[in-house]
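To keep things clear, I will list the structure first and then write my remarks on it.
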Amino acid sequence: MRVLAETDRLPVGSTVATIGMFDGVHRGHATLVNFLKQQAAAQGKQSLVITFLSHPRQVLSNDPSFKLIMPLEDRLAELEALGPDLLLPLEFTPELAALDSAQFIELLRDRYGMSMLVAGYNHRFGHDKGETFEDYCRHGERLGVTLVKAPEYLGRYAPVSSTIVRGLIAAGRVVDAMHCMGRPFMLKGKVVHGFRNGRGLGFPTANVGEINPELLLPHNGAYAVLAHVAGQCLQGMTNIGRRPTLDNGTRLSIEVNLFDFDDDIYGKDIMLEFISFLRLEFKMCGLEELKRQLTKDRDNAKAILNEYLTTKQ
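Shown next as structure tokens:
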């Protein structure tokens, strides 16, 4: 697979392309890229996936509340793993946003050799968002580009989309998000110094900081996780929240208790896979109640993680 630069130019009529943000690279995206590869192979052309470097909502609305499922480097790696011939990371600019759908099709044809555009089942492009897929087909016919709609991927409840996945993660429904993506939701950060309260309770925790502020966090609560740190994959439980029992709810923190592990990992990179939601965060009557609850959480998390790892094999 070849990663293109935005300034690269491809021969006329040499590619079958699809374009989108592909945030989360979920099973719907995998269905789309597989369909793209089939169409390209049938025509003896190269399959081209075009993904935006920045989300259009970040560029156009500058909405700080909008968060992404995964960072750019992970998105590019997951798209590469789907196996298209070509991958083009494209900067989404106000100038690009100003193009109508016909101008956009023409740009992809002239710069990147697109003879066919494979559109996601619900994808819209160009500033004229009111247009339908049939409108795109008419523009394509005039410009010598065939438009094809990819089949949708139906998840447990509805067609899978990045919007749905974001909503599931934000609600703490990480199991449902995992079914949509085909992998657990992940967060990357660095182990930083924290409050040091957990060790006195018998549950030492690593505090996770330096998380990309553009990324989505799951709903506050406790989760069963797999933690990748210092070259190891460890079982654990993570709490996201404001520590109401210990800290009176003044500051958001992400803490992970790693089972059967007590090495010094301060300053190390850490990646958390969220396997299952355990419970909401709530204020307890005191430290003894907190210790009892943490013991229940640990037992529950171990059972969930052991079952997950067994079925994954």
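Numbering (this note's numbering), first residue to last: 139 to 451.
Here a beta-carbon is modelled for each residue, glycine too, at the ideal position from N, C-alpha and C.
Assigned exposure category for residue i - 16 Cβ within 10 Å defines buried
{"i": "Gln-370", "result": "exposed"}
{"i": "Met-139", "result": "exposed"}
{"i": "Pro-222", "result": "buried"}
{"i": "Asn-395", "result": "buried"}
{"i": "Thr-376", "result": "buried"}
{"i": "Lys-406", "result": "exposed"}
{"i": "Gly-424", "result": "exposed"}
{"i": "Lys-267", "result": "exposed"}
{"i": "Leu-292", "result": "exposed"}
{"i": "Val-150", "result": "exposed"}
{"i": "Val-141", "result": "exposed"}
{"i": "Glu-274", "result": "Sequence check: residue 274 is Tyr here, not Glu. Classification for Tyr-274: buried."}
Enclosing beta strand (DSSP E) for residue i [first to last residue]
{"i": "Val-346", "result": "344-347"}
{"i": "Phe-173", "result": "That residue, Phe-173, is in no beta strand (DSSP E); its alpha helix (DSSP H) goes 165-181."}
{"i": "Pro-227", "result": "224-228"}
{"i": "Glu-411", "result": "407-417"}
{"i": "Leu-186", "result": "184-190"}
{"i": "Val-154", "result": "153-158"}
Rounded distance between the beta-carbons of residue j and residue i, thought under 8 angstroms
{"i": "His-261", "j": "Gly-162", "result": "Incorrect: roughly 15 angstroms between the Cβ atoms, too far for contact."}
{"i": "Leu-418", "j": "Gly-359", "result": "5 angstroms"}
{"i": "His-164", "j": "Cys-318", "result": "5 angstroms"}
{"i": "Ala-362", "j": "Leu-372", "result": "Not quite, the Cβ-Cβ distance comes to about 12 angstroms (not below 8 angstroms), so this is no contact."}
{"i": "Phe-323", "j": "Phe-412", "result": "5 angstroms"}
{"i": "Phe-160", "j": "Leu-217", "result": "6 angstroms"}
Selection from the options that minimises the alpha carbon distance to residue i
{"i": "Ala-257", "options": "Ile-243, Leu-285, Lys-267, His-277", "result": "Leu-285"}
{"i": "Phe-242", "options": "Gly-305, Leu-281, Gly-221, Ala-215", "result": "Leu-281"}
{"i": "Pro-289", "options": "Phe-173, Leu-443, Tyr-446, Asn-345", "result": "Phe-173"}
{"i": "Met-254", "options": "Ala-180, Leu-220, Glu-348, Glu-211", "result": "Ala-180"}
{"i": "Thr-231", "options": "Arg-430, Val-197, His-357", "result": "Val-197"}
{"i": "Asp-201", "options": "Leu-234, Tyr-446, Glu-352", "result": "Glu-352"}
{"i": "Val-154", "options": "Arg-249, Leu-354, Arg-304", "result": "Arg-249"}
{"i": "Arg-311", "options": "Leu-416, Tyr-446, Val-141", "result": "Leu-416"}
{"i": "Thr-343", "options": "Gly-305, Asp-400, His-357", "result": "Asp-400"}
{"i": "Ala-219", "options": "Arg-381, His-167, Met-422", "result": "His-167"}
{"i": "Thr-433", "options": "Phe-397, Lys-287, Asn-350, Thr-169", "result": "Phe-397"}
{"i": "Glu-348", "options": "Ala-315, Glu-393, Ala-308", "result": "Glu-393"}
{"i": "Ser-300", "options": "Lys-205, Leu-224, Asn-345, Ser-239", "result": "Lys-205"}
{"i": "Ala-309", "options": "Gln-177, Gly-278, Leu-355", "result": "Leu-355"}
{"i": "Ile-207", "options": "His-277, Met-316, Glu-229", "result": "Met-316"}
{"i": "Val-171", "options": "Leu-245, Phe-271, Val-187", "result": "Val-187"}
{"i": "Phe-190", "options": "Arg-276, Pro-209, Leu-306", "result": "Pro-209"}
N- and C-terminal bounds of the alpha helix (DSSP H) containing residue i
{"i": "Asp-248", "result": "239-250"}
{"i": "Phe-323", "result": "First-last for Phe-323: 323-330, but that is the beta strand (DSSP E), not the alpha helix (DSSP H)."}
{"i": "Pro-232", "result": "232-235"}
{"i": "Leu-443", "result": "425-450"}
{"i": "Asp-454", "result": "Within the shown structure, residues of the chain are numbered from 139 to 451, placing residue 454 beyond reach of any answer."}
{"i": "Val-197", "result": "194-198"}
{"i": "Ala-215", "result": "210-219"}
- prompt: Which parts of the segment 268-310 are runs of the beta strand (DSSP E), unbroken and 3 residues or longer, counting only runs that do not cross its ends?
  reply: 284-287
Run through the segment 354-397 for me and flag every whole beta strand (DSSP E) of 3 or more residues, listed as ranges in chain order. 359-367, 370-379, 391-396
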